[in-house]
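Participant: Here it is, the structure in full.
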Amino acid sequence: MNLKEVLSLQKARENTYKLLSTLFYLPEEDLFESQVLDNLITSTEVIFDDLREYAVSLQDEGKKISNIEDLKVDYSKLFVGPFDLFAPPYGSIYLEKERKVMGDSTINVLNKYKQAGLKVADDFKDAPDHIIMELEFMYFLTFNQIEAINSSDFSSTLHYLEMQRDFLGNHLRVWISEFTDRILNNTNTEFYKILAKLTENFIINDYEQFIDRITDEVDLLKNN
């Protein structure tokens, strides 16, 4: 893999994290008129074929949705409430023995953000270990990693890769499968089933394959 190929894979990872975080917001009328799903297909096809197939299926399912309110109702049931959440989107629910929000794992996530120089936006009113924020954090780290590669700063590149590996290995990768199962068992829409499978598949493969693969390539570039 040469530098151009490394950057192509990195850009695809960056875009995929960003687009997935967007899809976990409350869906709005213009969701299926925007380029979000088109761009997700473009990004995932660089990563691997199975992931692209999920993205294509997600777009196909989106085209079938005639009433966005049905999707909003399902979203609220899964992720918002107002009563029991069927698929709580908070890492602490799955990582804490007490199954509570804002536990020690949440503080740990906040410390990871702080160490990376990232501050939760004032207008984000949810817990910092929400799936949206954790995907955004991975986007942030990948973006900075690309900047470092473009500057031939391979030491910083490896640093950002290690931060990604650590965050996935100790946070997002750990709870994504149970979160996915909750969605699959409780959603009324194929859209969120496919989104859940796509997100889980990407995160697991990113942790188990792509970060190590890119790290090896950057090590070679650094030592040449």
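Residues in the sequence shown are numbered consecutively from 3, following the numbering used here. Idealized CB from N, CA, C, for every residue including glycine. A quick note: this is a predicted structure, and the numbers were derived from the prediction, not measured.
Short check: CB of Leu-60 to CB of Leu-200, under 8 Å?
Facilitator: yes
Participant: Determine, using beta carbons only, whether Thr-144 and Gln-117 come nearer to each other than 8 Å.
Facilitator: no
Participant: Just to check my reading of the structure: Thr-108 and Pro-84 have Cβ atoms closer than 8 Å, yes? What is that Cβ distance to the nearest angstrom?
Facilitator: Actually they do not touch by this definition, with Cβ atoms about 21 Å apart.
Participant: Pick from Thr-217, Asn-203, Glu-136 and Phe-34: whose alpha carbon is nearest that of Lys-20?
Facilitator: Glu-136
Participant: Rounding to the nearest angstrom, what Cα-Cα distance links Thr-191 and Tyr-115 in this structure?
Facilitator: Each residue's Cα considered, the two are about 33 Å apart.
Participant: So what's Tyr-92 in DSSP terms, helix, strand or just coil?
Facilitator: strand
Participant: Take every Cβ of the region 38-46, pair it with every Cβ of the region 67-76, and state whether three or more of those distances are shorter than 8 Å.
Facilitator: no
Participant: Assign Ala-123 to buried or exposed, taking buried as 16 or more other Cβ atoms, counted over all protein chains shown, within 10 Å of its Cβ.
Facilitator: That one is exposed.
Participant: Please report the residue range of the alpha helix (DSSP H) in which Met-3 lies.
Facilitator: No alpha helix (DSSP H) holds Met-3; DSSP gives it neither H nor E.
Participant: Would you kindly work out how many angstroms separate the C-alpha atoms of Ser-157 and Lys-224, rounded to a whole number?
Facilitator: The straight-line gap from Cα to Cα measures roughly 8 Å.
Participant: Along the chain, where does the alpha helix (DSSP H) containing Val-176 start, and where does it finish?
Facilitator: 175-188
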